[in-house]
Amino acid sequence: MRAGYLWLASFAILPLVGAPFLGHPAFRRFGILFRTVLAGGVGMVLLSATMTVWALAGWRWGPVLVLASAAVAFALRWLVRSHLPLPAAREEGRGEGRSLTAIALVLTAISILAALAATIAARSTSPDLLLFWGPKAQQFASARTIDTAFLSAPHLEYLHVYYPPLVTNVFAFGAIAAGRFPWGAATLTFPLLLGATAIGLSGILRADAPAPRAAAASALVICALGLAGISSSVAGNAEPFLLFFEILGVALLLTPAARSDAGKLLAGLFLAGAAAAKVEGLPFVLAVVVLFLLLDRSAARPLARATFLLLAPTIVSIGTWLAFGATRNVFFGYKGYGHSLEFHWDHLSGIASAIGIALWKVGYALPFSVPIVVLLATRPKGRRALLPIGVAAALSAFLLLTYLQSTQDPRLWISWSAARTFSPVTALIALASYCVSETESERVDR
Amino acid sequence: MRKPLLLSLAGSAILAGFSVAALPFSRGLFRVPRTPYDANEASFLAPAWILLQRAAEIVPRDVSVVVRGEPPDATNDSYLHRFAVGLLPGRKIVPAAVWNVPSPPEELREADYEIVVGKAIPPPASRLVLSIPEGSVWKRER
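Residue numbers (the working numbering), protein chains in the order written: chain A, 1038 to 1483; chain B, 366 to 507.
What follows is the structure, given as structure tokens:
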């Protein structure tokens, strides 16, 4: 029990690591709670990347890691030229607006509490926690580095040695602090990160929209992810981390924050978190950056600088990981599930029906169908709605092609993975329904 | 602007309601589970979890351990090997099966300890060190 509390308490270090960056005057307009969540995300990305650099250099992990990653956070301030604060939040509505905001907050709270109750009741624990996330984190904490002997050991190929390192690094960091890896506490990352996503998302959207609209959009995203997570057993898996980084990264690019260097670099750091959390985070990042540069040309100027701010954190983070794998002869790039560009189209109908069955089993597909219905009924306007919709389409295509690459019948694989892998798609569709009107900048651009 | 907002809230209410409905009320929501898998689709993991957690308290570090199920099943044994890697850190885990293919019996006999999930037939030349309803732990007599 004590190890579990210590492990969870170690997460308090993450906002401290990211605080030097979020302490930049550009972020001053955000409230303390919102800044703490964003600093936690940045802290997670930087701490994990520093742990990977340490492993690459052959150094054992120790307390100095925290200082080194906080120093990186401080150094990142130099990349932000402007000291102008991000645009102020819109005025809150009165009367009915406040009631609607309160309803949205209550619904969000119910979803987070349901996720917490499901996790504590052992309803939503992921088998993958026991199969690979936990064993790797436990061993890395014991070895105080990314243990190549363990990753190369015979009969342990199922550990997916090439999976990006953020989740195992963060889990291992807590295990070093706690003295052992607490399995039960690890499952609580699901409600914890769902709550952090809710706070971060509503804070980001408040920079662009009145409180009722920001709260309602956040509620739809969180309620969809809550039900999907409970039903598809994501507690202790990487999905809560992936979704936290993906949703907040895209949300930043939907708001006026995307027009500043500070906002772009912050989004870039969150996108790096997504890429370092799961394999499918990398195509997600590429889709986001390409679509953002194409769709929001005024915010993307100057193009080279915008590209650098958005992509450099991912390149450094994933580049370090791939360099580690190659120099230790453990893995060379990400492993595919078949030959590249060889697709088994004869599996298509089976794959489509298997995906349908897998999604149906998750709350009768409601986490996926409700955001689509809301999107179709609200008919979002403006180019910026195309960003989440386009990324959702690109990610769906990527997942479909990945399943089509499998040389064997992929239906069993789909049955245990599709509801989780498609959860970012539903979150993006829910987020798109937020873009019900054009921004001021879009009107000016036209 | 009001319609999209109300639609989002209505959708959220449906999803939040189903989230609450998905909770395992029939098992007793406030009853502390014995394992992290008690109330989900992977509840078949629970006996192995309980046995391996108990075994971790008595099986010394740096010894070799084989974990298998009874009755024998290569698929089940492949997974038991993986669970043991997670729940018995610091021990050399000898797989009773890998990728659903049974390991040669002579490899299993070299393990210092044998953990059997389910009702065990006493392994030869072994001393019982733990027996619980979920299974048993045996130490090889050399």
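Even glycine gets a Cβ: it sits at the ideal position worked out from N, Cα and C.
Residue i, DSSP secondary structure in three states
| i | result |
| --- | --- |
| A:Ala1052 | In the sequence on display, residue 1052 of chain A carries Pro and not Ala. In this structure, A:Pro1052 counts as helix in the three-state DSSP scheme. |
| B:Val494 | strand |
| A:Ile1159 | First, the amino acid is wrong: residue 1159 of chain A is Ala here, not Ile. Coil at A:Ala1159, not helix or strand. |
| B:Pro467 | strand |
| A:Trp1096 | coil |
| B:Arg505 | strand |
| A:Pro1447 | coil |
| A:Ser1452 | helix |
| B:Glu479 | strand |
| B:Lys457 | strand |
| B:Gly500 | strand |
| B:Ala485 | coil |
| A:Ala1295 | helix |
| A:Ala1272 | strand |
| B:Ala407 | coil |
N-terminal and C-terminal residue of the alpha helix (DSSP H) that residue i is part of
| i | result |
| --- | --- |
| A:Pro1425 | Leu1423 to Gln1442 |
| A:Arg1039 | Arg1039 to Ala1046 |
| A:Ala1286 | One detail in the question is off: residue 1286 of chain A reads as Gly in this sequence, not Ala. Glu1276 to Leu1291 is the span of the alpha helix (DSSP H), which, as asked, contains A:Gly1286. |
| A:Leu1403 | Leu1403 to Thr1415 |
| B:Tyr444 | Ala439 to Leu452 |
| A:Phe1111 | Val1101 to Leu1113 |
Element boundaries [beta strand (DSSP E), containing residue i]
| i | result |
| --- | --- |
| B:Ser353 | Absent from the model: residue 353 of chain B. The displayed extent of chain B is 366 to 507, so no value can be given. |
| A:Val1462 | Taken as a continuous stretch (DSSP letters only), A:Val1462 belongs to no beta strand (DSSP E), being part of the alpha helix (DSSP H) at Ser1460 to Ala1469. |
| B:Gly434 | Ser429 to Gly434 |
Own chain residues within Cβ distance below 7 Å of residue i, not counting five before or after
| i | result |
| --- | --- |
| B:Gln418 | Leu452 |
| A:Gly1362 | Tyr1199, Phe1368 and Phe1369 |
| A:Asp1165 | Asn1274 |
| A:Val1054 | Gly1080, Leu1083, Leu1084, Val1103, Ser1106, Ala1107 and Ala1110 |
| B:Trp464 | Ser443 |
| B:Ser501 | Val481, Ala485, Leu493 and Leu495 |
| A:Ser1270 | Ser1161, Thr1162 and Ser1163 |
| A:Ala1092 | Thr1182, Ile1183 and Phe1361 |
| A:Thr1439 | Tyr1374 |
Neighbourhood of residue i by C-beta distance below 6 Å, restricted to the same chain and skipping five residues each side
| i | result |
| --- | --- |
| B:Asp403 | Ala411 |
| A:Val1074 | Ala1233, Ile1236 and Gly1237 |
| A:Leu1045 | Ala1222 |
| B:Pro467 | Ala439 |
| A:Ala1324 | Val1428 and Ala1431 |
| B:Val431 | Val459, Ala461, Leu473, Ala476 and Glu479 |
| A:Leu1285 | Gly1237 and Phe1307 |
| A:Asn1206 | Ser1085 and Met1088 |
| A:Leu1153 | Pro1228 |
| A:Ala1076 | Pro1052, Gly1055, Ala1056 and Leu1059 |
| A:Thr1185 | Arg1365 and Val1367 |
| B:Arg392 | Ala404 |
Cut-off 8 Å between Cβ atoms - residues of its own chain near residue i, not counting five sequence neighbours on either side
| i | result |
| --- | --- |
| A:Leu1116 | Asp1298, Leu1302 and Leu1346 |
| A:Pro1320 | Ala1431, Leu1432 and Phe1435 |
| A:Ala1312 | Pro1201, Gly1318, Leu1319, Phe1321, Val1322, Thr1351, Ser1354 and Ile1355 |
| A:Phe1111 | Pro1057 and Phe1058 |
| A:Tyr1371 | Tyr1199, Val1316 and Leu1319 |
Cβ-heavy atom distance, residue i to the ligand ADP, below 7 Å
| i | result |
| --- | --- |
| A:Phe1048 | In terms of ligand content, the structure shown is empty, and the ligand ADP therefore cannot be addressed. |
Examine the Cβ distances between the segment 381–388 of chain B and the segment 1147–1160 of chain A and report whether three or more of them are shorter than 8 Å. yes
Contiguous beta strand (DSSP E) assignments of at least 3 residues, all confined to the segment 1322–1391 of chain A: none
Indicate whether the contact test is met: 3 or more Cβ pairs, each with one atom in the segment 1182–1199 of chain A and one in the segment 1296–1312 of chain A, closer than 8 Å. no
Could you check whether the segment 1225–1232 of chain A touches the segment 1273–1284 of chain A, counting it as contact only if at least three pairs of C-beta atoms, one from each stretch, sit closer than 8 Å? yes
In chain order, which alpha helix (DSSP H) runs of at least 4 residues are fully inside the segment 1180–1266 of chain A? 1185–1189, 1203–1215, 1220–1224 and 1226–1243
Given 8 Å as the limit, is there contact between the segment 1319–1338 of chain A and the segment 1379–1386 of chain A, that is, 3 or more CB pairs closer than that? no
Contact between the segment 468–487 of chain B and the segment 1213–1222 of chain A is defined here as three or more beta-carbon pairs at a separation below 8 Å; is this criterion met? no
Cβ contact check for the segment 1443–1451 of chain A and the segment 1084–1104 of chain A: 3 or more pairs under 8 Å: no
Three or more C-beta pairs under 8 Å: does that hold for the segment 1279–1291 of chain A against the segment 1173–1184 of chain A? no
Please determine if the segment 371–378 of chain B and the segment 1249–1269 of chain A are in contact, where contact requires at least 3 C-beta pairs separated by less than 8 Å. yes
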